[in-house]
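Chains as they are written, first to last, in our numbering: chain A, 28 to 380; chain H, 28 to 380; chain P, 28 to 380.
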Amino acid sequence: MSSAATSGTEQAIAPLTAAAIAELVGGRLEGSGDTEVRRVAALDRAEAGDLSFLASRQYALQYARTRAGVVLLSTELAGLKAQPGPAARVVVDEPHAALLRLLPHLYREAARPVGIHETARIGRGARIGEALAIGAYAVIGEDVVIGDRTWIGEHCVIGSGAVLGSDVRLHAGSTVYGPARLGDRVIIQTGARIGSDGFGYTFEGGEHRRIPHVGRCIVEDDVEVGANSTIDRGSVDDTVIGAGTKIDNLVQIGHNVRIGRLCLLMSQVGVAGSTRIGDGVVLAGQAGLAGHISIGDGARIAAQSGVFGDVPAGETWSGYPARPHREALRASAATFKLAGMMRRLERLLTERE
Amino acid sequence: MSSAATSGTEQAIAPLTAAAIAELVGGRLEGSGDTEVRRVAALDRAEAGDLSFLASRQYALQYARTRAGVVLLSTELAGLKAQPGPAARVVVDEPHAALLRLLPHLYREAARPVGIHETARIGRGARIGEALAIGAYAVIGEDVVIGDRTWIGEHCVIGSGAVLGSDVRLHAGSTVYGPARLGDRVIIQTGARIGSDGFGYTFEGGEHRRIPHVGRCIVEDDVEVGANSTIDRGSVDDTVIGAGTKIDNLVQIGHNVRIGRLCLLMSQVGVAGSTRIGDGVVLAGQAGLAGHISIGDGARIAAQSGVFGDVPAGETWSGYPARPHREALRASAATFKLAGMMRRLERLLTERE
Amino acid sequence: MSSAATSGTEQAIAPLTAAAIAELVGGRLEGSGDTEVRRVAALDRAEAGDLSFLASRQYALQYARTRAGVVLLSTELAGLKAQPGPAARVVVDEPHAALLRLLPHLYREAARPVGIHETARIGRGARIGEALAIGAYAVIGEDVVIGDRTWIGEHCVIGSGAVLGSDVRLHAGSTVYGPARLGDRVIIQTGARIGSDGFGYTFEGGEHRRIPHVGRCIVEDDVEVGANSTIDRGSVDDTVIGAGTKIDNLVQIGHNVRIGRLCLLMSQVGVAGSTRIGDGVVLAGQAGLAGHISIGDGARIAAQSGVFGDVPAGETWSGYPARPHREALRASAATFKLAGMMRRLERLLTERE
């Protein structure tokens with residue numbers, strides 16, 4: 028087996044003509060239908076063999092100068108001028124959605140050679156499935172269980188006793204410790220750490236003594252965890268990430284946290300220990316949640332918010348400390364107005380008293 | 028030596044009866060004293076063979092429905108009803124503290140095989156102690172010094188010239204660079220980086236030129252560093268983490284920072300270069316400290332605070348920019364009140380002038 | 028080839044006398060010109076063989092007690108007393124700048140043995156340059172291109188198809204995925220991740236479906252990326268880091284972000300997808316930028332700011348939500364004043380109405 032090291036990288040496969048594109052997306056072709064493209068590129072970086080798209084008037088200037096061969100654009104922007112303009116244009120209702128539909132025709136996922144690399148180390152008692160791909164220098168501990176068609180990237184370390192489902196992908200250099208249970212189709216990006224010991228101490232005898240961590244770290248089906256993110260195992264409870272939840276890069280999930288299904292946690296979010304998060308919750312970038320609080324189903328937390336109390340289902344909160352978004356906006360606006368009237372206000376108070 | 032890859036994972040050892048539990052924690056037994064448990068689990072996830080605990084009325088509903096075999100609960104909650112309820116209950120003053128005392132009777136730390144894995148690489152001139160455990164694919168540079176009974180996890184890299192004490196644990200995939208000096212009983216979690224070059228440049232000749240980093244990175248006895256955290260070496264001074272200080276995941280410590288003894292730095296905290304932190308300081312999650320400031324002994328900084336100036340010993344500060352917590356709370360409360368009276372205030376000012 | 032594992036660590040080479048120091052920096056020598064020093068250390072940690080410096084009156088007490096052999100100090104501080112004081116002092120206009128000029132005379136960069144470690148794995152079709160140093164257990168994918176004199180640290184993983192320039196340094200345990208293009212003299216610190224898949228989903232059929240990522244990750248000449256930082260590849264556009272830009276530890280750069288030349292991004296900064304950043308921009312620690320916004324050339328964003336809209340060239344913004352720094356300061360000051368006058372204000376409003 029070769030030492031191929033890849034990400035889940037997409038590779039270009041075959042060219043498409045403008046006419047084929049128009050047919051695939053149900054769009055209106057303008058210009059030369061036999062213009063061929065092989066790749067996708069932004070308007071200002073595209074070359075003659077590239078497909079690009081214009082979804083917003085904000086990029087009209089880039090469109091005017093683009094060298095792309097074919098451009099997808101919306102009906103309302105179809106009248107925009109370009110000099111000399113792309114060889115072909117395809118007018119559709121939603122250029123971005125159309126582009127996503129075309130991607131599988133232009134790219135396919137890089138295949139990963141099936142097999143266990145000769146340098147991979149597999150511990151005693153490990154039960155591994157069929158059609159696995161295990162990369163160079165991966166280390167798999169004792170009694171690990173792995174389902175079928177799972178990919179273990181180069182340099183991954185899987186602790187003794189961990190259980191991984193089928194069609195799981197661990198990207199290079201990630202760590203999955205023994206207390207972890209990963210469902211099917213879970214994706215762990217490079218450098219993520221699953222199931223490490225949490226941060227818990229009692230102060231006794233003049234020192235911080237580590238609380239033993241005996242809980243698990245359960246990552247349900249279809250969860251994705253971003254590069255260099257960290258998810259601690261439970262202390263006496265389990266840490267649980269619900270099915271279909273997606274976690275971005277550099278996110279921290281503390282011990283005993285339970286996150287529901289289909290949530291989105293954006294980059295650099297932090298969730299402190301024992302907090303409960305419902306289903307379909309969105310936490311925007313750098314938001315922080317205190318420990319031992321509850322976030323209701325479908326709630327949305329704005330970027331950089333600091334949440335110190337429970338958030339009811341369906342509500343949008345923002346700010347520091349976080350409040351319902353409308354209140355936070357009003358308070359913020361009032362603060363900026365206040366600065367302008369502060370002198371008048373001081374004079375008035377002084378006169379009156 | 029096997030390729031066992033483990034975290035400092037706790038493993039279940041032997042069952043305990045409810046009667047034994049009551050005796051160990053000095054509690055009052057109610058129900059069947061010979062009920063056996065083998066593991067700890069939260070009320071809502073516990074099964075018949077599990078020990079659980081109820082410390083707050085907040086979880087009364089989970090208690091009412093729990094399937095746990097034995098539950099520790101406080102005197103004031105001892106009267107709560109459960110259907111059918113656990114087979115045995117043990118009433119104690121502090122259920123959580125009692126649980127922690129029981130953990131060593133239910134779990135023991137996973138043993139790590141002593142020895143140097145055949146794939147580990149050890150550089151010339153390295154002096155290593157007795158009873159070491161060095162995992163698969165670990166790379167140890169030249170002239171490294173390591174004390175007795177230290178564990179080096181799989182894939183760790185220790186740079187030439189680094190010095191590690193006794194009973195140190197480096198978890199898988201962590202990096203300790205040459206300028207680092209680690210004391211005894213230091214724990215470095217998976218993916219943490221100790222002693223990397225700091226962020227320092229001078230702008231000359233139209234470019235940012237790197238300032239050479241020649242300082243050390245000194246991590247004293249009993250320090251713990253969380254997963255994927257980063258601690259830079261000093262530039263011309265040393266970076267120092269004082270004895271007994273505990274650092275959570277994804278924390279950043281800049282060059283020349285000096286942190287005292289027994290501090291707690293929670294997840295995603297950032298400390299900019301050359302800042303001094305006293306003893307017993309607590310920095311809550313996502314707090315940020317500017318460079319070149321001083322935080323006095325015993326100070327506490329609230330989550331997400333942005334600290335731009337010195338904080339006196341013993342004080343609690345919060346907010347952005349951080350102020351004494353009481354002031355910050357008053358300012359925050361006033362801001363939210365202000366929004367409600369803004370229209371009246373504007374009218375008043377207009378009338379008067 | 029040995030298994031030497033080093034950072035770009037500086038090593039002490041030869042002693043300097045106080046007289047030589049005075050000559051090298053054009054300073055005035057006071058005391059014993061033949062005092063020798065071999066290392067640099069802060070005033071309070073320096074020993075007799077060390078060079079130290081005093082640039083600010085803030086450290087006068089440390090100066091008074093220092094055991095350093097030679098101290099650089101500024102003209103205005105030259106009169107300060109020390110007991111017994113350093114054996115020699117060198118008075119200069121800018122002690123810190125003088126110190127930086129002296130470093131190359133005291134330290135030299137650790138040499139890295141040229142050659143490919145016997146455990147390194149190199150994929151089919153890889154084209155690698157001359158005088159490379161490739162460390163233990165590095166894994167290089169198929170068709171990778173690497174220029175001359177590049178260093179690949181221990182445990183690095185380079186994905187198939189990646190292109191690296193000359194004089195590049197990848198520190199231990201970093202990942203460069205296939206979509207990445209690294210220019211010359213790029214430095215990637217330990218644990219950084221370049222070119223991983225971004226965070227993009229569409230919600231269809233009751234689940235978050237991953238958007239294929241087909242863009243590149245272009246890191247231009249002289250860029251540096253800090254420990255454990257993450258830079259995602261583009262989705263349909265490219266992610267681009269402009270020449271000479273320096274990125275600190277634990278920074279997140281989302282997909283399709285374009286950063287200009289000579290920017291500084293400090294620790295824990297997060298930049299959400301598709302945002303454009305001009306040349307010479309400074310983003311201070313923990314600042315967060317929303318997606319799809321523009322930051323003009325030379326703009327400066329204060330620490331922890333949350334930027335949700337465009338920032339014009341040359342301006343300094345701060346706060347949450349970020350505003351021009353002067354406005355943000357006024358609003359913040361007004362807020363703290365407000366708390367003190369809230370009761371009087373409430374009474375006044377009640378009386379009037």
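Ideal placement from N, C-alpha and C gives every residue a C-beta, glycine not left out.
Keep in mind it's a predicted model, so treat the numbers as computed, not measured.
Under 8 Å between beta-carbons, which chain D residues line up against Q295 (chain H)? List them in chain order, please.
In summary, chain D is missing from the structure at hand, where the protein chains are A, H and P.
List, from N- to C-terminal side, the beta strand (DSSP E) runs of 3 residues or more that fit wholly inside the segment 221-298 of chain A.
228-231, 234-237, 244-246, 257-259, 266-268
Nearest chain H C-beta to H235 (chain A) closer than 8 Å, yes or no?
To locate residue 235 (chain A), count along the first sequence from 1; it is residue 208. So yes, H235 (chain A) belongs to the interface.
Residue-level contact to chain H via CB, L365 (chain P), 8 Å cutoff:
As a first step, residue 365 (chain P) must be located in the third sequence, where it is residue number 338. Chain H contact via Cβ: present.
What does G200 (chain P) touch in chain H if you count any residue whose Cβ is under 7 Å from its own?
For the purposes of this step, residue 200 (chain P) is identified with residue 173 of the third sequence, where counting begins at 1. Under the 7 Å cutoff, chain H gives V184, G200, T202.
Answer yes or no: the CB of V118 (chain H) versus the heavy atoms of the ligand FMN, is any distance below 7 Å?
No copy of the ligand FMN occurs in the structure displayed, which carries no ligand at all.
Here's a check: name, in chain order, each residue in its chain whose Cβ is nearer than 6 Å to the Cβ of A254 (chain H), leaving out the five neighbours to either side.
The sequence position of residue 254 (chain H) within the second sequence is 227, counting from 1. Here the set comprises Q216, T217, G218, N276.
Start and end residues, alpha helix (DSSP H) containing A207 (chain P)
In the third sequence, the residue the question calls residue 207 (chain P) occupies position 180. It is not in any alpha helix (DSSP H) - A207 (chain P) instead sits in the beta strand (DSSP E) that spans 207-209.
Since L126 (chain H) contacts V98 (chain H) with CB under 8 Å, what's their CB separation in whole angstroms?
As a working mapping, residue 126 (chain H) is identified with position 99 in the second sequence. As a working mapping, residue 98 (chain H) is identified with position 71 in the second sequence. In fact, because the Cβ distance is near 10 Å, the residues do not count as touching under 8 Å.
Closest to G96 (chain H) by CA distance: which of H:G106, H:P131, H:G58 is it?
The residue given as residue 96 (chain H) occupies position 69 in the second sequence. Considering only alpha carbons, the answer is H:G58.
Buried or exposed: which applies to R141 (chain H), given that a residue is buried once 16 or more other Cβ atoms fall within 10 Å of its Cβ?
Stepping through the second sequence from its first residue, residue 141 (chain H) is reached at position 114. Note on identity: in this sequence residue 141 (chain H) is Val, with Arg being the wrong assignment. Label assigned to V141 (chain H): exposed.
For F230 (chain A), count neighbouring C-beta atoms within 10 Å of its own C-beta (all shown protein chains included) and say buried if the count is 16 or more, exposed if not.
Working through the first sequence from its first residue, we reach residue 230 (chain A) at position 203. Exposed, because fewer than 16 other Cβ atoms sit within 10 Å of the Cβ of F230 (chain A).
Boundaries of the alpha helix (DSSP H) in which T377 (chain P) is found, first to last residue:
In the third sequence, residue 377 (chain P) corresponds to position 350, counting from 1. 352-379 is the extent of the alpha helix (DSSP H) around T377 (chain P).
Quick one: Cα of V284 (chain P) to Cα of A207 (chain P), how far?
Along the third sequence, read from residue 1 onward, the residue named residue 284 (chain P) stands at position 257. Along the third sequence, read from residue 1 onward, the residue named residue 207 (chain P) stands at position 180. Roughly 14 Å between the two C-alpha positions.
Drop a sphere of 10 angstroms on the beta-carbon of Q10 (chain P), count the other beta-carbons inside from all chains shown, and report buried for 16 or more, exposed for fewer.
Because residue 10 (chain P) is not part of the residues shown, which for chain P are 28 to 380, the question remains open.
Can you look up E50 (chain A) in the DSSP assignment and give me helix, strand or coil?
Your numbering for residue 50 (chain A) matches position 23 in the first sequence. E50 (chain A) falls in the helix class under three-state DSSP.
Using the C-alpha atoms, what's the distance from A189 (chain P) back to L78 (chain A)?
As a position in the first sequence, residue 78 (chain A) is number 51, starting the count at 1. As a position in the third sequence, residue 189 (chain P) is number 162, starting the count at 1. Those two C-alpha atoms are separated by around 23 Å.
So, do the segment 100-120 of chain H and the segment 131-140 of chain H have three or more beta carbon pairs nearer to each other than 8 Å?
Segments in contact, no.
In terms of alpha-carbon separation, which member of H:G225, H:R220, H:R139 lies closest to G186 (chain A)?
Mapped onto the first sequence, residue 186 (chain A) falls at position 159. Answer by Cα proximity: H:R139.
Going by DSSP, what residue range makes up the alpha helix (DSSP H) through R55 (chain P)?
Taking the first residue of the third sequence as 1, we reach residue 55 (chain P) at position 28. Looking at the DSSP string, R55 (chain P) is not in any alpha helix (DSSP H); the run it does join, the beta strand (DSSP E), is 55-58.
My output table needs one value for E157 (chain P): the three-state DSSP class, helix, strand or coil.
Position 130 of the third sequence, counting from 1, holds the residue named residue 157 (chain P). E157 (chain P): coil per DSSP, three-state reduction.
Where the alpha helix (DSSP H) containing A91 (chain A) begins and where it ends:
Reading the first sequence from its first residue, position 64 is the one you call residue 91 (chain A). Looking at the DSSP string, the run of the alpha helix (DSSP H) that includes A91 (chain A) is 87-92.
Please report whether the beta-carbon of I179 (chain P) lies at a distance below 8 Å from any beta-carbon of chain A.
Taking the third sequence and counting its residues from 1, the one referred to as residue 179 (chain P) is at position 152. The Cβ of I179 (chain P) sits no closer than 8 Å to any Cβ of chain A.
Using 8 Å as the threshold, is the C-beta distance between G156 (chain H) and S193 (chain H) below it?
For this step, residue 156 (chain H) is matched to residue 129 along the second sequence. For this step, residue 193 (chain H) is matched to residue 166 along the second sequence. Yes, the Cβ-Cβ distance between G156 (chain H) and S193 (chain H) is below 8 Å.
Would you mind working out which of H:P339, H:G318, H:F335 sits nearest Y347 (chain H), comparing C-alpha positions?
In the second sequence, counting from the first residue as 1, residue 347 (chain H) sits at position 320. With distances taken between Cα atoms, Y347 (chain H) lies closest to H:F335.
Same chain, Cβ closer than 6 Å to G26 (chain A), five either side skipped, listed in chain order:
Missing from the structure shown is residue 26 (chain A); chain A here goes from 28 to 380 and no further.
Could you please give me the residues that DSSP links to S345 (chain A) through a beta bridge?
Stepping through the first sequence from its first residue, residue 345 (chain A) is reached at position 318. DSSP, once it has assigned bridges, lists A:R350 as partnering S345 (chain A).
Report the neighbours of K273 (chain P) on chain H: residues whose CB is nearer than 9 Å to its CB, in chain order.
By 1-based counting over the third sequence, the position of residue 273 (chain P) is 246. Residues of chain H passing the Cβ test: F226, Y228, H235, R237.
Against chain H, which members of the segment 65-77 of chain P pass a CB distance test of less than 8 Å?
For chain H, the residues of the segment 65-77 of chain P that bring a beta carbon within less than 8 Å of one of its beta carbons are R66, V67, A68, A69, R72, in chain order.
Sequence-distant residues of its chain with Cβ nearer than 8 Å to R243 (chain P) (five each side left out):
For this step, residue 243 (chain P) is matched to residue 216 along the third sequence. Around R243 (chain P): P206, A207, R208, G222, R260, G261, D265, T266.
Could you pull out every residue in the same chain whose Cβ sits closer than 6 Å to the Cβ of L159 (chain H), ignoring the five residues on either side in sequence?
As a first step, residue 159 (chain H) is located in the second sequence; it is residue number 132 there, counting from the start. Around L159 (chain H): T177.
On the CB-based measure, 16 or more other CB atoms within 10 Å of its CB, does R55 (chain H) come out buried or exposed?
As a first step, residue 55 (chain H) is located in the second sequence; it is residue number 28 there, counting from the start. So R55 (chain H) counts as exposed.
So which residues of chain H does E103 (chain A) contact, with C-beta pairs closer than 9 Å?
Translated into positions along the first sequence, residue 103 (chain A) becomes position 76. Chain H residues near E103 (chain A): none, gap ~38 Å exceeds 9 Å.
Do L70 (chain P) and T93 (chain P) count as a contact pair if the criterion is CB distance below 8 Å?
Here the question's residue 93 (chain P) lines up with position 66 in the third sequence. Here the question's residue 70 (chain P) lines up with position 43 in the third sequence. Yes, the Cβ-Cβ distance between T93 (chain P) and L70 (chain P) is below 8 Å.
G53 (chain P) versus chain H: which residues are under 8 Å apart at the beta carbon?
Here residue 53 (chain P) refers to the residue found at position 26 of the third sequence. In chain order: nothing, as chain H lies at least about 17 Å away.
Quick check on T202 (chain P): does DSSP put it in helix, strand or coil?
Residue 202 (chain P) sits at position 175 when you count from the first residue of the third sequence. If DSSP states are grouped into helix, strand and coil, T202 (chain P) belongs with the strands.
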